[in-house]
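Below is one structure, written out as structure tokens; the observations come after it.
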Amino acid sequence: MWIDDSASELAAQLVQRMRLKLLCGALRQVTRLGALRLKLILSVWAVGTLLGSLPMASAESGPDFEVWREACARLPKNRVLGGRLPPRALLPLPRFASVSAVLDAYFSGATNGPLSQTGTWVGESPSPGFFDVARSWHGNPRTAFEPFVQKRLVPPGSQVLLQGDLHGDIHSLLAVLGRLQERGLLKGFQITDPRFYMAFLGDYTDRGVYGVEVIYTLLRLQLANPGRVLLIRGNHEDISLVSRYGFLAEGQAKYGADFDAAKVVRFHDFLPVAVYLGTGDAVVQLCHGGVEPGFDPRPLLQSDRTNAFQRIVELKQQVYLATKPAWAQNDAAAGAEAAKWFRDFRPQSPISPSVIGFMWNDFTVFSGETAFANNPERASIYGKAAVTHILQTQSAPTTRVHGVIRAHQHSGVPNPIMRRLMASRGAFRHWQETAEPAGDRFEASSLETGASRPIPEGSVWTLNVSPDSVYGQGNGFTFATVVILQIAPAFADWRLSMDTVEVPVK
Ligand SMILES: [Mn+2]
């Protein structure tokens, strides 16, 4: 893989340096009480100006939704900033303490809630170090890296918002939440309809400069609605990515020595890398990247709990290939590639010794493409025959995995999948065409674009990335997609409902 262990070593050193800076910063401030007092007065003034007279006392009582939305509305768009930071005076969270407070509340929920209860883990439970937020797998003191997946069954008749990559785009997130307010599904941060849930598919930060504000908003939503807001771990929920693609730099620029990078990235470890979501005997796989042939979720799917977890202790991709799946036999090139790249391993990080497919993998666009290929710059690309087989082998007699809904596969320049994402109003179902039409001139009218779409057996859906981003700029789109999964008693009646909301990007 193009990112190796040295990247996470580097990231660990970075966190160590930040901790040292934090300590030095605290010492300096003791000797600069006067300056500190001035800073405090300015901060209070900024909070008071931007957030009305509301105090930021605790995570639960932070600014209410409308105040928060107004403060964020003043922020210049990512497209205008082009990577620069907004003026400090406009920051809706002038002090890191506000971010820290929601993280504390989040950690309290993660370490005392369902994740820590006996019986909720199928197979091996996490080690005690998993719940010790002062440790991490990349820091000191060190704990093991322990990724996991979740099964979540909800009552039939439930609706689930699904949101693709946000990448530091607070304006699009708030536009989507605004639409949910109009539709009466949300009131402020509070879900009003007992049958409504929300699932965010990862890549919350990096590339856009409002990662802090995005995470803060997501955590406020989750804290206000325990068990109803699912945050899934994308490939950017990894210290080796956020240290390279902008988020740690954003935090440092906004908060200086106050920014506790180790604390912020520790929240990644409590996010499942996939959620099997559904009702009765039917689920779909929600994740950021793609399928992971080395994982066997059947123990989890067979458990009689409606909310349960299973660790990814070991991935056995070669063991899967040894079952001689037909796709690897019928498609010799795909079989040879798989034999070359598949391996059995215990994940030491999201990317080593190889990537976790749920976080990283992609899918072919056309049904006529090969069943398996490897992109050494990124991850693996799975075709229809391979996905059909993998979902079948990963289904349990009691619970069938009917399809995959994910995000991740975006480009800053128009390419086959980006053009189809635009034409499909931000939710593209793979394999609708067998091949790219001659001359690269596909007919948008040949694609599904309806406001309510059935979910064929074994289908894979990619959701678009938010528009106030290099992706929106490069592909010329300005809409965010509001996707709601309608869960009926019978899977054949499930629907994906699509709505778009314009995001002013100037
Ligand atoms: Mn991604």
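Numbering (this note's numbering), first residue to last: 821 to 1326. A virtual CB, placed ideally from N, CA and C, is assigned to each residue, including glycine. Predicted model only: the values in this text are computed from it and were never measured.
Taking DSSP as the reference, what is the three-state secondary structure of Asn-1045?
-> Within the sequence shown, residue 1045 is the residue found at index 225, counting from 1. In this structure, Asn-1045 counts as coil in the three-state DSSP scheme.
First and last residue of the beta strand (DSSP E) that includes Pro-1274?
-> Taking the sequence shown and counting its residues from 1, the one referred to as residue 1274 is at position 454. Where Pro-1274 is concerned, the enclosing beta strand (DSSP E) starts and stops at 1272-1274.
Specify the secondary structure class of Asp-1313 as computed by DSSP and reduced to three states.
-> Here residue 1313 corresponds to residue number 493 of the sequence shown, with the count starting at 1. Reduced to three states, the DSSP call for Asp-1313 is helix.
Within 10 angstroms of the Cβ of Arg-904, are there 16 or more other Cβ atoms? Answer buried if so, exposed if not.
-> The residue you call residue 904 lines up with position 84 of the sequence shown. Its Cβ having fewer than 16 others within 10 Å, Arg-904 is exposed.
Give the DSSP-derived three-state secondary structure of Ala-1300 in the structure shown.
-> Residue mapping note: residue 1300 aligns to position 480 of the sequence shown, counting from 1. Here Ala-1300 sits in strand by DSSP.
Quick one: what does DSSP say Phe-1162 is sitting in, helix, strand or coil?
-> For the purposes of this step, residue 1162 is identified with residue 342 of the sequence shown, where counting begins at 1. Here Phe-1162 sits in coil by DSSP.
Pocket of ligand 2 defined by Cβ to heavy atom distance under 7 Å | This structure lacks ligand 2; its bound ligands are ligand 1.
Would you check if the stretch 1165-1174 and the stretch 959-967 touch, i.e. whether three or more CB-CB distances between them fall below 8 Å?
-> yes
Beta carbon of Phe-1192 nearer than 7 Å to that of Ala-1158 | Taking the first residue of the sequence shown as position 1, residue 1192 is located at position 372. Taking the first residue of the sequence shown as position 1, residue 1158 is located at position 338. Cβ atoms of Phe-1192 and Ala-1158: closer than 7 Å.
Find out if the Cβ-Cβ distance for the pair Val-1323, His-991 is shorter than 7 Å.
-> If you number the sequence shown from 1, residue 1323 lands on position 503. If you number the sequence shown from 1, residue 991 lands on position 171. Between Val-1323 and His-991, the gap from beta carbon to beta carbon is short of 7 Å.
Three-state secondary structure (DSSP) at His-1328?
-> Beyond the ends of the chain as shown, which are 821 and 1326, falls residue 1328; an answer cannot be given.
How is Trp-1180 classed by DSSP in three states: helix, strand or coil?
-> For the purposes of this step, residue 1180 is taken as the residue at position 360 of the sequence shown. Helix at Trp-1180.
Given Ala-1243, which residues of its chain have a CB within under 6 Å of its CB, disregarding the five upstream and five downstream residues?
-> For the purposes of this step, residue 1243 is taken as residue 423 along the sequence shown, with counting starting at 1. Within the same chain, Ala-1243 has close Cβ partners Ala-1264 and Leu-1267.
Taking the CB atoms as reference points, tell me whether Thr-1219 and Asp-1101 lie closer together than 7 Å.
-> For this step, residue 1219 is matched to residue 399 along the sequence shown. For this step, residue 1101 is matched to residue 281 along the sequence shown. Yes, these two residues count as a Cβ contact at 7 Å.
Looking only at C-alpha atoms, which of Ser-956, Ala-1312 and Phe-1297 sits nearest to Ala-1082?
-> Indexing the sequence shown from 1 puts residue 1082 at position 262. The shortest Cα separation from Ala-1082 among Ser-956, Ala-1312 and Phe-1297 belongs to Ser-956.
Are the stretch 1015-1029 and the stretch 1047-1057 in contact at 8 Å, needing three or more beta carbon pairs?
-> yes
Write down the C-beta distance between Arg-1245 and Thr-1190 rounded to the nearest angstrom, noting that I regard them as a contact closer than 8 Å.
-> The sequence position of residue 1245 within the sequence shown is 425, counting from 1. The sequence position of residue 1190 within the sequence shown is 370, counting from 1. No, Arg-1245 and Thr-1190 are not in contact; Cβ-Cβ is about 28 Å, not under 8 Å.
Answer yes if the stretch 910-929 comes into contact with the stretch 1057-1065, meaning at least three C-beta pairs across the two stretches below 8 Å, and no otherwise.
-> no
May I ask you to report which of helix, strand or coil DSSP gives Ala-916?
-> In the sequence shown, residue 916 corresponds to position 96, counting from 1. First, the residue type needs correcting, since residue 916 is Phe and not Ala in the sequence shown. Helix, per DSSP.
Taking the C-alpha atoms as reference points, what is the distance between Leu-1120 and Gly-1259?
-> In the sequence shown, the residue the question calls residue 1120 occupies position 300. In the sequence shown, the residue the question calls residue 1259 occupies position 439. If I take the Cα positions, the gap works out to 46 Å.
Under 6 Å Cβ to Cβ from Asn-1284, same chain only, skipping five residues before and after it: list those, please.
-> Counting from one through the sequence shown, the residue named residue 1284 turns up at place 464. So the qualifying residues of the chain are Gly-984, Leu-1241, Gly-1246 and Thr-1301.
Have a look at Gly-933 and Gly-1155 and give me their C-alpha separation to the nearest angstrom.
-> By 1-based counting over the sequence shown, the position of residue 933 is 113. By 1-based counting over the sequence shown, the position of residue 1155 is 335. Computed Cα separation, rounded: 43 Å.
Do you know whose CA, among Arg-1118, Arg-1048, Tyr-1030 and Arg-1226, lies nearest Pro-1014's CA?
-> In the sequence shown, residue 1014 corresponds to position 194, counting from 1. Of Arg-1118, Arg-1048, Tyr-1030 and Arg-1226, the residue nearest in Cα terms is Arg-1048.
Whether Pro-1113 touches Ile-1201 by CB criterion (7 Å) = As a first step, residue 1113 is located in the sequence shown; it is residue number 293 there, counting from the start. As a first step, residue 1201 is located in the sequence shown; it is residue number 381 there, counting from the start. No. Outside cutoff.
Under the rule that 16 or more other beta-carbon atoms within 10 Å means buried, what is Val-1034, buried or exposed?
-> Taking the first residue of the sequence shown as 1, we reach residue 1034 at position 214. Counting other Cβ atoms within 10 Å of its Cβ, Val-1034 reaches 16 or more and is therefore classed as buried.
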